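Engineer: Here's a structure for you.
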Amino acid sequence: MGSISNEYSALSQHISVLQKVVVGRSAEETIIRSYKRSFNGFAARLKVKEYENLKSLKEVVSVFPSRMLQLQTTRSWDYLGLPQPTPEQLNAESDVIIGVIDSGIWPKSPSFDDSGLSPVPKKWKGVCEGGPNFNCNKKIIGARGYLGSAWDGTGHGSHTASTAAGQKVEGASFYGIAKGSARGGVPSARIAVYAVCNSIGCKGTDILAAFDDAIADGVDLITISIGGRARDLYNDVVAIGAFHAMVKGVLTVQSAGNDGDSRSTVGSVAPWVLTVAANTMDRHIITKVVLEDGKTLIGNSVNAFKLEGEYPLVYGKDVTSKCNENDAKSCSEGCLDKSLVKKKITVCNNTLPYATALRAGAIGVLAVSSVDAFSFITPLPAAPLNDSSFAALISYLNSTKAPKAKILKSEAVNDTSAPIVAHFSSRGPNSIASDILKPDISAPGVDILAAYSPLAPISEYGDDTRSVTYNVLSGTSMACPHVAGAAAYLKSVHPDWSPATIKSALMTTADEMSPSKNKDAELSYGSGHLNPLKARNPGLIYEATENDYITFLCKFGYDQKNLSLITGKGSVICPKPDQSPKDVNYPSLSTKVGANKSFTVKFSRTLTNVGTLNSTYNAKVISGSELAVTVQPNSLFFKSFKESKSFDVTVVGKGIEPGSFVSASLVWSDGFHRVRSPIVVYTS
C-alpha cells in the first residue's frame, strides 16, 4: 500500500507489477480492486507462490491477506442533550458530508428525504452509482455499491446512517413501540454511502476501496460500524484506510465490537481512530408477563405481538416424546411435540428457543436469560426472564395443575440507572497497542430506533417474515453513529478542526460514568459518556498529526516494512528513541506494567488552547489510594489562541495483581472549562 502520485497511471502500474508474478494467466484476470484515488494499491487473487514472489519485488511496499469483517445499531439524541438544531445550525450542518461505510442504504426512507435542503456542497466530488433504480438526492448525495448495489439488504446501513444524520420523522416506531420523532444528530448533513457488506460479512478489499473512494470524494468524516478481532495495525484494513483518511483531514469513527463482556476484546485499536463503546440510555424496552395468580414478571424483549387473554403454560420437558429431560427443558431443535404445544405458551430454560417454538406452533415463549442490558426482537410473543423471575415462573408452574399466563406487548419505560455499558460491548485493555486506552468513549447503543430497510429480515430468525421501515437494534454499531453525528456537529461549528482536535474535544468533555455500575470502568467506557454540547467548547485539546502517529508507530517497534503497510510510504525516518509509545499526544493516559511490582511511570503530553485568551489552567488529580499522581507543571498559562504548553504526569504505585488495573483522572480547569483525561495502569 503506497502513496498515490498519478491516479490515471496507477492501474497500468498495478497490472505491470502483477505480470511479473502471475503464472499461466493474465494479470488482468487476477486483479480485484485497484486503489488509485487516495492511496496506491491493489487487491488480487494470487496463488501462494505468486503471493510470495509479489512480496519480494522491490517496488512493492507491502502485501497482506484480505479477511472478512462483520457488521457490529429517537430518544437517544434528546438523552445526549443535543437539541433540535436551529435554522442557522441546520444551514451550517448542510455543508458536512458523512461517509457511511456499511451495508448500503434504503433511499426511499423518510429519514433520507431531501426536503428543505440546500444544493449539494460544491466540494463534493463523488458519484451516484448505487445500482438499478437507485437515485441520489440532496440528502444521499453519493453512493457506491462494491457488491453490485448500494440498496441495503440487511437494514444495518440504513439504521446507522439515519442515526448519524437522518431527517426528523414524526411518529416513527416499531409496531407502535418506542413511538416518537426519529432524527439523526445532524439532520441536514449529507450522506455518502459506501456499500461493502451483505449478510455474510464485509470483505477487506472492499473496505479499502471504500476508504480510497470516500477520501477522494470529499467526505468530512467516516463512520464505520464494522470490525472483527484486533489485529496488528499493518494487517487491519480499517486502521490502514483510516490512517490515509486522517492524513487528508478526515476522522474515522469505528465501533468497538460486540465481543464483551470479557477484557481485551476491543477490536478497534488504532490511536488515529475514534473507538466507540455502547451504553444504555434512559429508555428501556420491556415485556410484561402476567401469571393467572396475579403476579407480574418483567422480561427484556421487543415483542410487537399482543395476545388476547391467557394461554396455558407448558414446560419443555412435559411436551416431548423423543428427547431426554435436559434437551426437552431447553426446547432443543426437534424436541417439542407440535400437538402438545399448539396454542400454548412454552417455557424453556434456554436463552434462544424462539425459532424452535415458532416452528412447533407455540403461541408464545418464556425463556431464561442472564442478560438484562438490552432487549431483542422476538418472532412470536416472548419474554426472556432473568434467573430470579424464571425461578418464580417455575415455582408457579409447580404450584398449580393448570397454569396460565398472558404476554403483553412490549412498552418503553424510564431507566434511571443509565448510562451503563452494555454487556456485549467490547472492552480493553488494548491487546495490540498496549499504551492506548480503548475504547475511547461510550454512547447510546441499546434499544435504538432508526430507519431500516424493508428488504431486510427484522430479527435473527429466518421464520420471521415481517417487514418494517423503522427498527429497534442494539450494538456498538448503534453507538458508533451517535459519536459520528456528534463529530459532524462539531465539524459544522468548527470547520477547521482536525480529526485529532474533534476526537480530543469529544473525549475530554465526556461525562464521567460510575465505576461501581461498570465492573471494568475505564476499560469498558474509556473517557466516559458522550456529551456533544460540552465538546463544542472544550477549552484545551490534545492535538496529534501524521508525524506524531508515525513517531508512535516507530516507538511501538514496527520496522520499515510494517510502517510502510500502514503509512503507504516507502521509507519512514524514525526519530531517536527518546520517547515511549505511551507519549503520543493522546487524550487518555494508559500503560501496562509488570504484575506484583512497584512502578513509576511518566507520561508527556501537550495541550493547545482553543478557548479564551490569557487563561490559566490548574491541574487536579482525582485518585484513590492505589496511585500517587503528580503533574509538572501543575499550572499552565495560555496567552494566545492555538498556543501550546507541555507537561509531564508521573504515576507511582505498588504492585498490581495479574489481570487487574487501577485508575485515576487528570482534570485541567480554568474555572469554566474542564478538560478531563482518564489514567489507567494495568497488568496482563
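Here the sequence shown is numbered in this note's numbering, starting from 390 and rising by one per residue. Each residue gets a CB set at the ideal place from its N, CA and C atoms; glycine is no exception. All values derive from a computational prediction rather than experimental measurement.
1. Would you mind stating whether ASP829 and LYS971 have Cβ atoms separated by less than 8 Å?
2. Report the option in PHE1030, CYS724, GLY574, SER719 whose CA atom is closest to the CA atom of CYS712.
3. Could you please give me the residues that DSSP links to LEU755 through a beta bridge?
4. May I have a chain-ordered list of the alpha helix (DSSP H) segments no shorter than 4 residues that lie completely inside the segment 645-722?
5. When the distance is taken between beta carbons, is ASN907 closer than 8 Å to VAL655?
6. So, for ASN1075: in the same chain, excluding its five sequence neighbours on each side, which residues have a beta-carbon less than 8 Å away from its beta-carbon?
7. Helix, strand or coil, according to DSSP, for GLN461 in the structure here?
8. With DSSP as the reference, label ASN429 as helix, strand or coil.
9. Got a sec, what are the start and stop residues for the alpha helix (DSSP H) ALA744 sits in?
10. Are the segment 627-643 and the segment 595-614 touching by the rule of at least three beta carbon pairs closer than 8 Å?
11. DSSP has PRO333 in a bridge; who is on the other side?
12. Check the DSSP bridge columns for LYS793 and list the partner residues they point to.
13. DSSP three-state label for TYR785, please.
14. Taking GLU559 as part of the beta strand (DSSP E), name the residues at either end of that continuous run.
15. Could you tell me the distance, in whole angstroms, from the CA atom of GLY649 to the CA atom of GLY1048?
16. Pull up the distance between the alpha-carbon of GLN408 and that of LYS444, whole angstroms please.
17. In whole angstroms, give me the CA-to-CA distance for SER504 and PRO576.
18. I think VAL582 touches VAL489, with their Cβ atoms under 8 Å apart; what is that distance to the nearest whole Å?
19. Going along the chain, which residues of its own chain have a beta-carbon closer than 6 Å to the beta-carbon of ARG672, five neighbours each way excluded?
20. Where does the unbroken alpha helix (DSSP H) through ALA581 begin, and where does it stop?
21. For the pair the segment 990-1000 and the segment 926-936, tell me if three or more CB-CB distances fall below 8 Å.
22. Compute the Euclidean distance between the alpha carbons of PRO1022 and LYS557, then round it to the nearest angstrom.
23. Whole angstroms is fine: what's the gap from SER336's alpha carbon to LEU479's?
24. Could you check whether GLU482 and ALA603 sit closer than 8 Å to each other, using their CB atoms as the reference points?
25. Comparing alpha-carbon positions, which option in GLY698, ILE1068, PHE501 lies nearest GLY531?
26. Considering GLN473, what are the terminal residues of the alpha helix (DSSP H) in which it resides?
27. Among SER1004, PHE1050, PHE1061, ILE955, whose alpha-carbon lies nearest the alpha-carbon of ASN429?
28. Throw me the rounded Cβ distance for the LYS706 and ALA717 pair, which I believe falls under 8 Å.
29. Does TRP495 come out as helix, strand or coil in the three-state DSSP assignment?
30. Just how far apart, CA to CA, sit HIS1062 and SER1004?
31. Quick one: what does DSSP say GLY593 is sitting in, helix, strand or coil?
32. Distance check for LEU895 and GLY957, CA to CA, integer angstroms please.
33. Only counting the same chain, and skipping five residues up and downstream in sequence, which positions put a Cβ closer than 6 Å to that of PHE1026?
34. Would you identify the three-state DSSP class for LEU1016, choosing helix, strand or coil?
35. Measure the Cβ-Cβ separation of VAL703 and THR735 and say whether it is below 8 Å.
36. Does the distance from the C-beta atom of TYR743 to that of TYR841 stay below 8 Å?
Structural biologist: Concretely, from the data shown:
1. Taking the sequence shown and counting its residues from 1, the one referred to as residue 829 is at position 440. Taking the sequence shown and counting its residues from 1, the one referred to as residue 971 is at position 582. Contact flag unset, no.
2. For the purposes of this step, residue 712 is taken as residue 323 along the sequence shown, with counting starting at 1. With distances taken between Cα atoms, CYS712 lies closest to CYS724.
3. In the sequence shown, counting from the first residue as 1, residue 755 sits at position 366. DSSP output for LEU755 lists VAL736, ALA772 as bridge partner(s).
4. 714-718
5. Indexing the sequence shown from 1 puts residue 655 at position 266. Indexing the sequence shown from 1 puts residue 907 at position 518. Not closer than 8 Å, so no.
6. What is shown of the chain runs 390 to 1073, which leaves residue 1075 out entirely.
7. Looking up residue 461 in the sequence shown gives position 72. Its pLDDT being 43, under 50, GLN461 is placed unreliably by the model, and the measurement read from it follows with that caveat. Coil.
8. Against the sequence shown, residue 429 aligns to sequence position 40. Strand, per DSSP.
9. Translated into positions along the sequence shown, residue 744 becomes position 355. Taken as a continuous stretch (DSSP letters only), the alpha helix (DSSP H) holding ALA744 covers 743-749.
10. yes
11. Residue 333 cannot be examined here, being either before or after the span of the chain that is shown, 390 to 1073.
12. On the sequence shown, position 404 is the one that residue 793 refers to. LYS793 pairs with PRO701.
13. Locating residue 785 in the sequence shown gives position 396, where the first residue counts as 1. Here TYR785 sits in helix by DSSP.
14. Residue numbering aside, residue 559 sits at position 170 when the sequence shown is read from its first letter. Where GLU559 is concerned, the enclosing beta strand (DSSP E) stretches over 558-563.
15. If you number the sequence shown from 1, residue 649 lands on position 260. If you number the sequence shown from 1, residue 1048 lands on position 659. Going from the Cα of GLY649 to the Cα of GLY1048 covers about 16 Å.
16. Sequence index remark: in the sequence shown, residue 408 carries index 19 (1-based). Sequence index remark: in the sequence shown, residue 444 carries index 55 (1-based). In a straight line, the C-alpha of GLN408 is about 14 Å away from that of LYS444.
17. For the purposes of this step, residue 504 is taken as residue 115 along the sequence shown, with counting starting at 1. For the purposes of this step, residue 576 is taken as residue 187 along the sequence shown, with counting starting at 1. So the two alpha carbons sit approximately 11 Å from each other.
18. Residue numbering aside, residue 582 sits at position 193 when the sequence shown is read from its first letter. Residue numbering aside, residue 489 sits at position 100 when the sequence shown is read from its first letter. The Cβ separation is near 6 Å, so the contact holds.
19. Numbered from 1 along the sequence shown, position 283 holds the residue referred to as residue 672. These residues qualify, in order along the chain: ARG464, ALA801.
20. Residue 581 sits at position 192 when you count from the first residue of the sequence shown. No alpha helix (DSSP H) contains ALA581, which is instead part of the beta strand (DSSP E) from 579-584.
21. Output reads yes: the segment 926-936 touches the segment 990-1000.
22. In the sequence shown, residue 1022 corresponds to position 633, counting from 1. In the sequence shown, residue 557 corresponds to position 168, counting from 1. Between PRO1022 and LYS557, the C-alpha separation is close to 48 Å.
23. Nothing about residue 336 can be reported from this structure: the residues present for the chain run from 390 to 1073 only.
24. In the sequence shown, counting from the first residue as 1, residue 603 sits at position 214. In the sequence shown, counting from the first residue as 1, residue 482 sits at position 93. Contact: no.
25. Within the sequence shown, residue 531 is the residue found at index 142, counting from 1. For the residues GLY698, ILE1068, PHE501, the minimum Cα distance to GLY531 belongs to PHE501.
26. Taking the sequence shown and counting its residues from 1, one reaches residue 473 at position 84. Premise fails: GLN473 is in no alpha helix (DSSP H) and is neither H nor E.
27. Here residue 429 corresponds to residue number 40 of the sequence shown, with the count starting at 1. Answer by Cα proximity: ILE955.
28. What you label residue 706 is simply residue 317 of the sequence shown in a count that begins at 1. What you label residue 717 is simply residue 328 of the sequence shown in a count that begins at 1. Correct: roughly 4 Å between the Cβ atoms.
29. Locating residue 495 in the sequence shown gives position 106, counting from the first residue. It is coil, neither helix nor strand.
30. The residue labelled residue 1062 in the question sits at position 673 within the sequence shown. The residue labelled residue 1004 in the question sits at position 615 within the sequence shown. Whole-angstrom Cα-Cα distance: 10 Å.
31. Here residue 593 corresponds to residue number 204 of the sequence shown, with the count starting at 1. GLY593 falls in the helix class under three-state DSSP.
32. In the sequence shown, the residue the question calls residue 957 occupies position 568. In the sequence shown, the residue the question calls residue 895 occupies position 506. Distance between the alpha carbons of GLY957 and LEU895: 29 Å.
33. Position 637 of the sequence shown, counting from 1, holds the residue named residue 1026. Around PHE1026: THR1005.
34. Here residue 1016 refers to the residue found at position 627 of the sequence shown. In the structure shown, LEU1016 sits in a strand (DSSP, three-state: E or B).
35. Stepping through the sequence shown from its first residue, residue 703 is reached at position 314. Stepping through the sequence shown from its first residue, residue 735 is reached at position 346. Pairing VAL703 with THR735 gives a Cβ-Cβ distance under 8 Å.
36. Within the sequence shown, residue 743 is the residue found at index 354, counting from 1. Within the sequence shown, residue 841 is the residue found at index 452, counting from 1. Not in contact: TYR743 and TYR841 (Cβ atoms no closer than 8 Å).
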